[in-house]
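In what follows, a structure is listed as structure tokens, so that the remarks can point back to it.
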Amino acid sequence: MDANSFNVLVQFPESGLAVIGFLTLICFFRIYSLTKLLFLDDSTLVRLGYSRELDKALRYLAYILVPSFLVELVHKSIFYYSAEVSFPFIKSSCAALNFVMFFLVLFSWVYRTGVFLIVCILFRLTCELQILRFRGLHKLFDRCGSDTIEDVCKEHVRIKKQLSATSHRYRFFIITAFVVISTSQFVALLLVLASKSEKSFLSSGDLVVCSAVQLSGFFLCLLGAARITHRAQGVVCIATRWHMALTCASEAVSPESDTDSSDNIYINVSPSLDLSSFFQARQALVEYLRHNNKGITLYGYALDRGLLHTLFAFEFSLVMWILSKVVVLS
């Protein structure tokens, strides 16, 4: 396999992901502003934490883009220093032509890579901002008044709608990026392992950089989705613990209770509350949260740690299959 074959393996997925990212950004900003895309206009807590989360997201972008750019810069510098660029309508090659092509190719790489990573960063930033909203929801469980259940329901419904909108907006990008990246990685693995030619940094450096950028950006999306889904599922645990603590406190202040367990009670319940109806309302809240805890979804499937484990098992099985085919063919 020569350098041109490696170049084909790089250009198609890079261009494909850039097109997918570009179409996604067009669909976003033709309909929404950045404020509405990130849901920044509905929560004071989120607006206060926006700058911190934005700085963190930009650091993620720099951690991926800067090392990849430096490696790509070195690779292209070596390539265009040792190669001569020629066109049919230009009789002789020169250093200026090499420099122009070097600049254009490098600019093309930065543009295509940047478009793909920007969508990944936007998705990760959206997930991190939703985590701030869940932190605000958790603080509501510190109260024990009769209006707590109504406030929790309203806040959870609002967060659920935002997570559903986020899932709907990004599902095309996540699924198509997964297909493109998986296909390109497995084709590259199969062809590289089956090839008998010598590999070098000059011939395969582009493939290494391309794979690193694609996998880093996609894992950034998957980990962000898994984090927010884990927080969404964790609300059930917090609500159940809150319900249990209030139930124990209600038993402690009940006239019929003859057990002295006030040392273990950390929540005070007002005697004016209707304990029976309050208990039923809390039970209904816990059941509601238990059946509405999916977080980020792809056509109804929660993008949680279990799905990530399934994807890893699927990818690992394909790698083992490719390795078996390579061994048989060789």
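7 is the number of the first residue of the sequence shown in this note's numbering; add one for each residue after it. Each residue gets a CB set at the ideal place from its N, CA and C atoms; glycine is no exception.
(message) Let's see if you can read the secondary structure: which residues bound the alpha helix (DSSP H) around S39?
(response) For S39, no alpha helix (DSSP H) run applies, since DSSP gives it neither H nor E.
(request) Give the DSSP-derived three-state secondary structure of V325 in the structure shown. (result) Secondary structure at V325: helix, using DSSP grouped into helix, strand and coil.
(request) Starting from F108, trace the alpha helix (DSSP H) both ways and give me its first and last residue. (result) Counting along the chain, the alpha helix (DSSP H) containing F108 begins and ends at 101-146.
(request) With distances taken Cα to Cα, identify the nearest neighbour of G230 among K166, R139, S83, L309. (result) L309
(request) Give me whichever residues DSSP pairs with L304 in a beta bridge. (result) L304 is bridged to Y307.
(request) Please list the segments of the alpha helix (DSSP H) lying wholly inside the region 175-260, counting only runs of 4 or more residues, in order along the chain. (result) 207-259
(request) Could you pull out every residue in the same chain whose Cβ sits closer than 7 Å to the Cβ of I84, ignoring the five residues on either side in sequence? (result) Cβ neighbours of I84 within its own chain (closer than 7 Å, five residues either side excluded): L208.
(message) Between F192 and I70, how many whole angstroms is the CB-CB distance? I'm expecting something under 8 Å.
(response) Incorrect: roughly 22 Å between the Cβ atoms, too far for contact.
(message) Counting beta carbon pairs with one atom in the region 157-176 and one in the region 135-145, are three or more of them shorter than 8 Å?
(response) Under the Cβ criterion (8 Å, minimum of three pairs), the region 135-145 counts as touching the region 157-176.
(message) Measuring only the C-alpha atoms, how far is E59 from Y176?
(response) 19 Å
(message) Considering only their Cβ atoms, is the gap separating A232 from R311 smaller than 9 Å?
(response) yes
(message) What does the alpha-carbon distance come out to for the pair L15 and A194?
(response) Cα-Cα distance, rounded: 7 Å.
(request) Measure from the alpha carbon of L67 to the alpha carbon of each residue in L226, D212, V325, S282, then state which is nearest. (result) Checking every option, the nearest Cα to that of L67 belongs to L226.
(message) Below 8 Å on the Cβ atoms is my contact criterion, and I expect N299 with A238 to pass it. Report the Cβ-Cβ distance as a whole number of Å.
(response) N299 to A238, Cβ: 5 Å. Contact.
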